[in-house]
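Undergrad:
In our numbering, the protein residues as written are 21 to 298.
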(Lines of atoms letter the chains of each structure in order from A and count residues from 1; the text may use other names and numbers.)
(Lines give C-alpha, C1' and ligand atoms only; values in the text may rest on other atoms or scores of the structure.)
Protein backbone atom coordinates (compact mmCIF):
# COMPACT_ATOMS: atom_id res chain seq x y z
CA UNK A 1 0.00 0.00 0.00
CA UNK A 2 1.49 3.35 -1.10
CA UNK A 3 0.40 6.54 0.73
CA UNK A 4 0.56 10.08 -0.62
CA UNK A 5 -0.49 13.53 0.71
CA UNK A 6 -3.14 15.79 -0.83
CA UNK A 7 -2.64 19.26 0.70
CA UNK A 8 -5.19 22.02 1.11
CA UNK A 9 -4.93 25.30 -0.77
CA UNK A 10 -5.85 28.87 0.00
CA UNK A 11 -6.90 31.53 -2.50
CA UNK A 12 -4.97 34.53 -1.21
CA UNK A 13 -7.29 36.63 -3.35
CA UNK A 14 -9.86 35.78 -6.02
CA UNK A 15 -11.04 38.29 -8.61
CA UNK A 16 -13.79 37.60 -11.14
CA UNK A 17 -12.84 39.66 -14.20
CA UNK A 18 -15.39 38.46 -16.76
CA UNK A 19 -17.37 35.63 -18.23
CA UNK A 20 -16.80 33.48 -21.30
CA UNK A 21 -19.49 32.81 -23.89
CA UNK A 22 -19.84 29.26 -22.56
CA UNK A 23 -20.74 30.59 -19.10
CA UNK A 24 -17.43 29.87 -17.37
CA UNK A 25 -16.07 32.73 -15.31
CA UNK A 26 -12.69 34.32 -15.94
CA UNK A 27 -10.64 34.58 -12.78
CA UNK A 28 -7.42 35.86 -11.33
CA UNK A 29 -6.17 34.33 -8.12
CA UNK A 30 -3.11 33.22 -6.21
CA UNK A 31 -3.10 29.62 -5.00
CA UNK A 32 -1.06 28.81 -1.92
CA UNK A 33 -0.58 25.29 -0.61
CA UNK A 34 -0.64 24.78 3.16
CA UNK A 35 0.72 21.96 5.29
CA UNK A 36 -2.63 20.38 6.10
CA UNK A 37 -3.51 17.38 4.00
CA UNK A 38 -5.72 14.43 3.24
CA UNK A 39 -3.85 11.14 2.88
CA UNK A 40 -4.49 8.71 0.05
CA UNK A 41 -3.35 5.10 -0.11
CA UNK A 42 -3.36 3.05 -3.30
CA UNK A 43 -3.34 -0.73 -3.59
CA UNK A 44 -2.70 -1.41 -7.28
CA UNK A 45 -4.32 -4.49 -8.85
CA UNK A 46 -4.59 -6.07 -12.30
CA UNK A 47 -8.27 -7.02 -12.07
CA UNK A 48 -9.67 -3.92 -13.78
CA UNK A 49 -11.58 -2.85 -10.66
CA UNK A 50 -11.30 0.73 -9.39
CA UNK A 51 -12.91 1.21 -6.01
CA UNK A 52 -12.94 3.47 -2.99
CA UNK A 53 -12.66 1.10 -0.03
CA UNK A 54 -13.77 3.57 2.66
CA UNK A 55 -16.62 5.74 1.34
CA UNK A 56 -16.67 9.23 2.87
CA UNK A 57 -19.88 10.51 4.49
CA UNK A 58 -21.48 13.17 2.33
CA UNK A 59 -19.52 12.12 -0.77
CA UNK A 60 -21.58 10.38 -3.45
CA UNK A 61 -20.17 8.17 -6.19
CA UNK A 62 -20.78 11.00 -8.66
CA UNK A 63 -18.80 13.42 -6.49
CA UNK A 64 -15.93 10.99 -5.83
CA UNK A 65 -13.18 12.69 -7.79
CA UNK A 66 -10.60 10.08 -6.80
CA UNK A 67 -12.46 7.26 -8.54
CA UNK A 68 -13.38 9.50 -11.49
CA UNK A 69 -9.74 10.57 -11.87
CA UNK A 70 -8.48 6.99 -11.76
CA UNK A 71 -11.03 5.83 -14.32
CA UNK A 72 -10.27 8.74 -16.64
CA UNK A 73 -6.51 8.12 -16.47
CA UNK A 74 -7.03 4.42 -17.20
CA UNK A 75 -9.37 5.18 -20.09
CA UNK A 76 -7.06 7.73 -21.72
CA UNK A 77 -3.97 5.56 -21.24
CA UNK A 78 -5.69 2.59 -22.86
CA UNK A 79 -4.72 0.13 -20.12
CA UNK A 80 -8.09 -1.47 -19.50
CA UNK A 81 -7.06 -4.09 -16.93
CA UNK A 82 -5.43 -1.69 -14.49
CA UNK A 83 -7.17 -1.56 -11.13
CA UNK A 84 -6.72 0.07 -7.74
CA UNK A 85 -8.27 0.13 -4.31
CA UNK A 86 -8.22 3.68 -2.93
CA UNK A 87 -8.27 4.51 0.77
CA UNK A 88 -8.82 8.16 1.68
CA UNK A 89 -8.08 9.59 5.12
CA UNK A 90 -10.08 12.82 5.01
CA UNK A 91 -8.98 15.89 6.98
CA UNK A 92 -9.92 18.78 4.67
CA UNK A 93 -13.64 19.50 5.18
CA UNK A 94 -16.00 19.10 2.24
CA UNK A 95 -17.34 22.34 0.77
CA UNK A 96 -14.79 24.50 2.57
CA UNK A 97 -13.12 26.21 -0.39
CA UNK A 98 -9.81 24.59 0.57
CA UNK A 99 -9.62 22.40 -2.51
CA UNK A 100 -9.84 19.02 -0.80
CA UNK A 101 -11.63 17.17 -3.59
CA UNK A 102 -9.47 18.72 -6.30
CA UNK A 103 -6.31 17.94 -4.34
CA UNK A 104 -7.40 14.34 -3.82
CA UNK A 105 -8.03 13.95 -7.56
CA UNK A 106 -4.66 15.49 -8.42
CA UNK A 107 -2.80 13.22 -6.02
CA UNK A 108 -4.66 10.25 -7.50
CA UNK A 109 -3.49 11.22 -11.00
CA UNK A 110 0.10 11.91 -9.91
CA UNK A 111 0.40 8.69 -7.91
CA UNK A 112 -1.28 6.34 -10.38
CA UNK A 113 0.67 7.81 -13.27
CA UNK A 114 3.74 6.36 -11.54
CA UNK A 115 2.25 3.28 -9.89
CA UNK A 116 0.51 2.17 -13.09
CA UNK A 117 3.73 2.92 -15.03
CA UNK A 118 1.96 5.26 -17.44
CA UNK A 119 4.64 7.92 -16.95
CA UNK A 120 2.98 10.85 -18.70
CA UNK A 121 4.51 14.32 -18.49
CA UNK A 122 3.03 16.62 -15.87
CA UNK A 123 1.51 18.92 -18.52
CA UNK A 124 -0.49 16.01 -19.93
CA UNK A 125 -1.77 15.14 -16.47
CA UNK A 126 -2.76 18.78 -15.93
CA UNK A 127 -4.83 18.75 -19.14
CA UNK A 128 -6.50 15.54 -17.98
CA UNK A 129 -7.22 17.03 -14.57
CA UNK A 130 -8.87 20.06 -16.15
CA UNK A 131 -11.51 17.72 -17.60
CA UNK A 132 -12.54 16.95 -14.01
CA UNK A 133 -12.29 20.39 -12.40
CA UNK A 134 -10.71 23.83 -12.82
CA UNK A 135 -8.75 23.67 -9.54
CA UNK A 136 -7.11 20.30 -10.23
CA UNK A 137 -4.32 21.49 -12.58
CA UNK A 138 -2.63 23.70 -9.98
CA UNK A 139 -2.15 20.74 -7.63
CA UNK A 140 -0.51 18.77 -10.46
CA UNK A 141 1.52 21.84 -11.47
CA UNK A 142 2.98 21.62 -7.98
CA UNK A 143 3.89 25.27 -7.37
CA UNK A 144 2.19 28.17 -5.63
CA UNK A 145 0.82 30.04 -8.60
CA UNK A 146 -0.79 33.13 -10.03
CA UNK A 147 -3.74 31.75 -12.02
CA UNK A 148 -5.87 33.17 -14.79
CA UNK A 149 -8.49 31.90 -17.24
CA UNK A 150 -10.82 29.58 -15.34
CA UNK A 151 -7.89 28.91 -13.05
CA UNK A 152 -5.83 26.75 -15.40
CA UNK A 153 -3.38 29.34 -16.76
CA UNK A 154 -0.63 29.13 -14.17
CA UNK A 155 2.56 31.00 -13.43
CA UNK A 156 4.79 30.15 -10.50
CA UNK A 157 5.03 32.69 -7.67
CA UNK A 158 7.52 32.69 -4.82
CA UNK A 159 5.65 33.54 -1.63
CA UNK A 160 7.16 34.60 1.69
CA UNK A 161 7.07 32.27 4.67
CA UNK A 162 3.77 32.61 6.50
CA UNK A 163 1.52 30.81 8.96
CA UNK A 164 -2.25 30.59 8.70
CA UNK A 165 -5.16 30.24 11.07
CA UNK A 166 -7.84 28.55 8.99
CA UNK A 167 -11.41 28.31 10.29
CA UNK A 168 -13.94 25.89 8.82
CA UNK A 169 -17.55 26.82 9.64
CA UNK A 170 -19.90 23.79 9.78
CA UNK A 171 -21.62 24.68 6.51
CA UNK A 172 -20.96 23.81 2.90
CA UNK A 173 -21.12 26.24 0.01
CA UNK A 174 -22.05 25.01 -3.47
CA UNK A 175 -19.57 26.67 -5.82
CA UNK A 176 -22.11 26.63 -8.65
CA UNK A 177 -24.63 28.56 -6.53
CA UNK A 178 -22.10 31.29 -5.80
CA UNK A 179 -21.09 31.73 -9.42
CA UNK A 180 -24.72 31.69 -10.56
CA UNK A 181 -25.77 34.47 -8.20
CA UNK A 182 -27.02 37.67 -9.80
CA UNK A 183 -25.25 39.55 -6.99
CA UNK A 184 -21.82 38.34 -8.07
CA UNK A 185 -19.71 41.12 -9.57
CA UNK A 186 -17.83 40.03 -12.67
CA UNK A 187 -16.00 43.21 -13.61
CA UNK A 188 -12.98 43.48 -11.33
CA UNK A 189 -10.21 45.17 -13.31
CA UNK A 190 -7.52 42.63 -14.34
CA UNK A 191 -4.09 43.02 -12.77
CA UNK A 192 -0.60 42.02 -13.83
CA UNK A 193 1.19 39.40 -11.75
CA UNK A 194 4.15 41.70 -11.18
CA UNK A 195 1.88 44.32 -9.66
CA UNK A 196 -0.42 42.20 -7.52
CA UNK A 197 -0.72 42.73 -3.78
CA UNK A 198 -2.25 39.95 -1.75
CA UNK A 199 -3.00 42.41 1.02
CA UNK A 200 -4.93 44.69 -1.29
CA UNK A 201 -6.59 41.88 -3.24
CA UNK A 202 -10.03 40.62 -2.27
CA UNK A 203 -12.39 37.72 -2.91
CA UNK A 204 -15.27 38.65 -5.22
CA UNK A 205 -17.17 35.52 -4.13
CA UNK A 206 -17.16 36.51 -0.48
CA UNK A 207 -20.26 38.80 -0.38
CA UNK A 208 -22.40 36.18 -2.11
CA UNK A 209 -21.19 33.36 0.15
CA UNK A 210 -21.81 35.45 3.26
CA UNK A 211 -25.37 36.10 2.15
CA UNK A 212 -25.96 32.39 1.51
CA UNK A 213 -24.40 31.35 4.84
CA UNK A 214 -24.31 34.27 7.34
CA UNK A 215 -22.38 32.17 9.87
CA UNK A 216 -19.32 32.60 7.67
CA UNK A 217 -19.44 36.35 8.34
CA UNK A 218 -19.33 35.73 12.10
CA UNK A 219 -16.22 33.58 11.85
CA UNK A 220 -14.60 35.96 9.36
CA UNK A 221 -15.27 38.96 11.60
CA UNK A 222 -13.74 37.17 14.59
CA UNK A 223 -10.53 36.73 12.60
CA UNK A 224 -10.58 40.38 11.54
CA UNK A 225 -10.65 41.39 15.20
CA UNK A 226 -7.28 39.69 15.72
CA UNK A 227 -5.03 42.61 14.83
CA UNK A 228 -1.80 40.60 14.51
CA UNK A 229 -2.93 39.30 11.13
CA UNK A 230 -1.75 40.89 7.90
CA UNK A 231 -4.46 39.33 5.72
CA UNK A 232 -7.97 37.97 6.41
CA UNK A 233 -10.18 36.53 3.69
CA UNK A 234 -12.44 33.69 2.58
CA UNK A 235 -10.85 30.98 0.45
CA UNK A 236 -12.42 30.07 -2.89
CA UNK A 237 -16.20 29.97 -2.72
CA UNK A 238 -16.09 29.27 1.03
CA UNK A 239 -16.92 28.32 3.63
CA UNK A 240 -13.33 28.31 4.93
CA UNK A 241 -11.80 31.59 6.08
CA UNK A 242 -8.21 32.34 7.01
CA UNK A 243 -5.84 34.85 8.57
CA UNK A 244 -2.17 35.14 7.65
CA UNK A 245 0.62 35.64 10.21
CA UNK A 246 4.33 36.19 9.92
CA UNK A 247 5.18 33.66 12.65
CA UNK A 248 3.96 30.41 14.14
CA UNK A 249 3.88 32.00 17.58
CA UNK A 250 1.47 34.74 16.48
CA UNK A 251 -0.79 32.28 14.68
CA UNK A 252 -0.97 29.86 17.59
CA UNK A 253 -1.63 32.66 20.08
CA UNK A 254 -4.69 33.72 18.08
CA UNK A 255 -5.84 30.12 17.66
CA UNK A 256 -5.51 29.62 21.43
CA UNK A 257 -8.22 32.26 21.87
CA UNK A 258 -10.64 30.55 19.48
CA UNK A 259 -14.19 30.44 20.92
CA UNK A 260 -15.50 27.01 21.84
CA UNK A 261 -18.10 27.10 19.07
CA UNK A 262 -15.48 27.55 16.33
CA UNK A 263 -13.13 25.03 14.75
CA UNK A 264 -10.15 25.05 12.44
CA UNK A 265 -6.41 24.50 12.32
CA UNK A 266 -3.04 26.22 12.21
CA UNK A 267 -0.66 25.44 9.35
CA UNK A 268 2.37 26.91 7.62
CA UNK A 269 2.31 27.84 3.98
CA UNK A 270 4.26 25.47 1.75
CA UNK A 271 6.95 26.57 -0.69
CA UNK A 272 5.64 23.95 -3.13
CA UNK A 273 3.38 20.89 -3.34
CA UNK A 274 4.88 17.88 -1.50
CA UNK A 275 4.65 15.81 -4.70
CA UNK A 276 6.08 18.47 -6.99
CA UNK A 277 9.20 16.39 -7.66
CA UNK A 278 7.53 12.95 -7.64
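Every residue, glycine too, gets a C-beta built ideally from N, C-alpha and C. Keep in mind it's a predicted model, so treat the numbers as computed, not measured.
Kindly list the residues whose CB is nearer than 7 Å to the CB of residue 109, restricted to its own chain and excluding five residues on each side of it in sequence; keep chain order.
TA: If we look at residue 109 and ignore the five residues flanking it on each side, its Cβ neighbours are 58 and 59.
Undergrad: Near residue 233, which residues of its chain fall below 8 Å by C-beta distance, leaving aside the five closest residues on each side in sequence?
TA: Around residue 233: 189, 191, 193, 258 and 259.
Undergrad: Would you mind giving the Cβ-Cβ distance between residue 264 and residue 251, rounded to the nearest angstrom? I have them listed as a contact below 8 Å.
TA: Indeed they touch by this definition, with Cβ atoms about 4 Å apart.
Undergrad: Can you tell me whether DSSP reads residue 279 as helix, strand or coil?
TA: Correct three-state label for residue 279: coil.
Undergrad: Is it the case that the stretch 24-39 contacts the stretch 71-83, given that we only count it when at least three CB pairs across the two stretches are under 8 Å?
TA: Contact between the stretch 71-83 and the stretch 24-39 is absent, because fewer than three Cβ pairs lie under 8 Å.
Undergrad: Suppose you measure from the CA of residue 169 to the CA of residue 48; what does that come to, to the nearest Å?
TA: Approximately 7 Å between the Cα atoms of the pair.
Undergrad: Report yes or no: do the stretch 145-163 and the stretch 180-188 share at least 3 C-beta pairs separated by less than 8 Å?
TA: Cβ pair count under 8 Å is below three, so no.
Undergrad: Bridge partners of residue 254, per DSSP?
TA: According to DSSP, which records beta bridges pairwise, residue 254 is partnered with 261.
Undergrad: Is residue 249 helix, strand or coil by DSSP?
TA: Looking at residue 249 - three-state DSSP - the assignment turns out to be coil, as it is neither helix nor strand.
Undergrad: Tell me whether residue 122 sits in a helix, a strand or coil according to DSSP, three-state version.
TA: If DSSP states are grouped into helix, strand and coil, residue 122 belongs with the helices.
Undergrad: Buried or exposed for residue 172, going by 16 or more other Cβ atoms inside 10 Å?
TA: It is buried - the Cβ of residue 172 has at least 16 other Cβ atoms within 10 Å.
Undergrad: What are the partner residues of residue 140, as DSSP defines its beta bridges?
TA: Answer is none; residue 140 lacks a bridge partner.
Undergrad: By the 10 Å Cβ neighbour count, where 16 or more other Cβ atoms means buried, how is residue 94 classified, buried or exposed?
TA: Buried, since its Cβ has 16 or more Cβ neighbours within 10 Å.
Undergrad: When you compare each of 106, 46 and 51 to residue 23 by their alpha carbons, which one comes out closest?
TA: Of 106, 46 and 51, the residue nearest in Cα terms is 106.
Undergrad: Just to confirm the assignment: which complete beta strand (DSSP E) runs, minimum length 3, are found wholly within the stretch 88-112?
TA: Complete beta strand (DSSP E) runs here, min 3: 103-109.
Undergrad: Nearest to residue 65 by CA position, among 100, 39 and 50, is which residue?
TA: Checked all of 100, 39 and 50; the closest Cα to residue 65 is 100.
Undergrad: Among 26, 25, 29 and 45, which one has its Cα closest to the Cα of residue 224?
TA: Among 26, 25, 29 and 45, the Cα nearest to that of residue 224 belongs to 45.
Undergrad: Quick one: residues in its chain with C-beta nearer than 8 Å to the C-beta of residue 88, no 5 flanking neighbours on either side, listed in chain order?
TA: Result list for residue 88: 125 and 152, in chain order.
Undergrad: With H, G and I counted as helix, E and B as strand and the rest as coil, what does DSSP make of residue 131?
TA: If DSSP states are grouped into helix, strand and coil, residue 131 belongs with the helices.
Undergrad: Around the C-beta of residue 141, are 16 or more other C-beta atoms found within 10 angstroms, so that it is buried, or is it exposed?
TA: By the neighbour-count rule (16 or more Cβ atoms within 10 Å), residue 141 is not buried but exposed.
Undergrad: Which whole-angstrom value is the C-beta distance of residue 267 and residue 261, which I expect to be below 8 Å?
TA: About 20 Å; that fails the 8 Å criterion.
Undergrad: When you compare the CB positions of residue 184 and residue 119, do they come within less than 8 Å of one another, or not?
TA: Contact flag unset, no.
Undergrad: Check residue 150 in the structure and name its three-state DSSP category.
TA: Helix, per DSSP.
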